[in-house]
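Here is the structure we will look at.
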Amino acid sequence: MQRNILTELKERRSVREFTSDAVSEIDLMTVIEAGSWAPSAGNSQPWRFVIIRDKGIISLLSELTVYSTIVAESQALIAIFLEYDLEFDEVQAQQSVGAVMQNMLLTADSIGLGAVWLGEIRENGKSVNRELAIPEQYELAAMMAIGYPAHRNQKSHRKNVNDFILKQIGG
Ligand SMILES: Cc1cc2nc3c(=O)[nH]c(=O)nc-3n(C[C@H](O)[C@H](O)[C@H](O)COP(=O)(O)O)c2cc1C
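Numbering (the numbering used here), first residue to last: 308 to 478.
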C-alpha cells in the first residue's frame, strides 16, 4: 500500500550510525538522481556531486569536521558543490541545495539506507576542495553521510504546527 507523503516526511530521521555493509553505486546514483529532480531558480540546476566511497578519503574528510565519527563510519559520502551562475543570486542557489538534500534524504530512506545532512564541515570547505581535488570555482554547499542504519532508534521532534503560524489572513 502506498504510504501517505506526510507519513514519509514524518518518519524520515537523520541516521548517524551505520553498519559495515557497503552501499552500491546503483543506490547512490538513485539518491543523486532524486536530488537532481529538485526545483532550482530558473531551473539553473547549479548543483554538482562528488561521490566518495574510498575509505582513505573518507578518513581524511572525517578530520575536517567535529562530526568525525559520523563521517569515519559512513559507507559513502555525497558532497554537493555549487557552481554559481551569474544569472541567479547565491541565496537562491543555496536554497536549491536544500531541496536537493531533502529529495536525497527521503529517497535514501525509501530504499532502506540511512543518511544525514552534514553542514558543519563547510567550515573547512576549502580543505574539502583540496582533498577531493575540486577546483575553487565549486563551493561546498553540503555533504551527506550514507550507509545502512545500525539501528532505527532515532528520535526527533517538532513544535506543534500551530506554533509556526504567525497569523492567518482571510479564510
Ligand atoms: C542545514 C543543515 C545542516 C546540518 N548539519 C548537520 C551536521 O553538521 N551534523 C549533524 O549531525 N547533523 C546535521 N544536520 C541534521 C539536523 O541536526 C537534523 O536534521 C535535525 O536535528 C532534525 O532531525 P531529523 O533530521 O531526524 O528530523 C543538519 C541539517 C541541516 C538542515
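Note that CB positions come from ideal geometry on N, CA and C, so glycine has one too. Please read all numbers here as calculations on a predicted model, not as lab measurements.
Regarding glutamate 427 and ligand 1, is the C-beta to nearest heavy atom distance less than 7 Å?
-> yes
Check each candidate in Ser343, Thr372, Thr314, Phe325 and name the one with the smallest Cα separation from glycine 432.
-> Thr372
Terminal residues of the alpha helix (DSSP H) in which arginine 355 lies = Looking at the DSSP string, arginine 355 is not in any alpha helix (DSSP H); the run it does join, the beta strand (DSSP E), is 354–359.
Going by DSSP, name the residue or residues bridged to tryptophan 344.
-> Paired residue(s): none; tryptophan 344 is not in a bridge.
Verify whether the separation of the beta carbon atoms of methionine 451 and leucine 425 is less than 8 Å.
-> yes
Where does glutamate 430 land, buried or exposed, given buried means 16+ other C-beta within 10 angstroms?
-> exposed
Three-state secondary structure assigned by DSSP to glycine 432 = helix
Reducing DSSP to helix, strand and coil, say where phenylalanine 388 ends up.
-> strand
For glycine 421, the nearest candidate out of Thr376, Arg437, Ala383, Glu443 (CA to CA) | Ala383
If you scan the segment 367–424 from start to end, which runs of the alpha helix (DSSP H) of 4 or more residues do you find wholly inside it?
-> 375–380, 397–417
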